[in-house]
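Everything on this sheet refers to the single structure shown next.
Residue numbers (my numbering): 68 to 227.
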């Protein structure tokens with residue numbers, strides 16, 4: 068079901084927007100999940116991958132291999148990883164392109180900008196319920212209902 072009036076749900080238009088996305092949006096799309104240790108440390112699920120991050124391949128023929136990211140090839144939607152190569156017929160070695168969704172970041176290259184991004188994306192741990200006691204914000208219709216009930220001393224039930 069369509070939820071937002073300004074965003075299309077057409078498959079054709081979504082695919083066109085994805086594959087013709089500019090470089091700054093491709094960076095965000097080409098994100099990798101963090102390993103369990105990094106998730107627990109930074110409280111972030113995924114982050115855009117960059118050169119010098121260390122990744123582990125999760126799918127395909129190279130599953131389980133680790134290496135440093137040599138090149139993030141935004142134009143071709145792939146990563147080139149240090150030790151993942153194949154030999155051509157003439158003997159030269161070429162990088163095997165791997166999609167970032169098939170990788171997991173094992174160690175991050177941190178600088179001040181990356182630390183800032185991690186702080187910004189950090190998820191605050193929540194309790195068991197959806198809302199905390201003082202954090203519930205009443206909607207306008209609930210406030211009106213409460214106001215009128217207080218004036219006329221009518222019992223109120225808060226149901227959605």
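Where a beta carbon is used, it is the ideal one built from N, C-alpha and C, also for glycine.
If you count every other CB in all the chains shown that lies within 10 Å of the CB of residue i, and 16 or more means buried, which is it?
i           : result
residue 100 : buried
residue 74  : exposed
residue 97  : buried
residue 161 : exposed
residue 147 : buried
My guess is that residue i and residue j are in contact by the Cβ rule of under 8 Å, so how many angstroms apart are they, rounded?
i           : j           : result
residue 129 : residue 163 : 7 Å
residue 93  : residue 141 : 4 Å
Within a Cβ cutoff of 6 Å, which residues of the same chain sit near residue i, ignoring the five residues on either side of it in sequence?
i           : result
residue 121 : 135, 173 and 174
residue 109 : 185
residue 150 : 134
residue 137 : 147 and 149
For residue i, collect the residues of the same chain with a Cβ closer than 8 Å to its Cβ; drop the 5 residues on either side in sequence, then sort them by chain order.
i           : result
residue 127 : 165 and 169
residue 153 : 160, 161 and 163
Only counting the same chain, and skipping five residues up and downstream in sequence, which positions put a Cβ closer than 7 Å to that of residue i?
i           : result
residue 176 : 117, 119 and 120
residue 106 : 112
residue 145 : 164, 165 and 166
residue 155 : 161
residue 125 : 169, 170 and 171
When every heavy atom of the ligand COA is checked, does at least one fall within less than 7 Å of the C-beta of residue i?
i           : result
residue 110 : In the structure on display, the ligand COA does not appear, and there are no ligands present to speak of.
Does residue i have its Cβ less than 8 Å from a Cβ in chain C?
i          : result
residue 79 : Of the protein chains in the structure, only one exists, and it is not chain C.
Would you say the region 179-194 touches the region 111-118, given that touching needs at least three Cβ pairs under 8 Å? Contact between the region 179-194 and the region 111-118 is present, because at least three Cβ pairs lie under 8 Å.
What beta strand (DSSP E) runs, 3 residues minimum, are completely inside the region 105-190? Runs found: 113-115, 121-124, 133-140, 145-154, 160-165 and 170-174.
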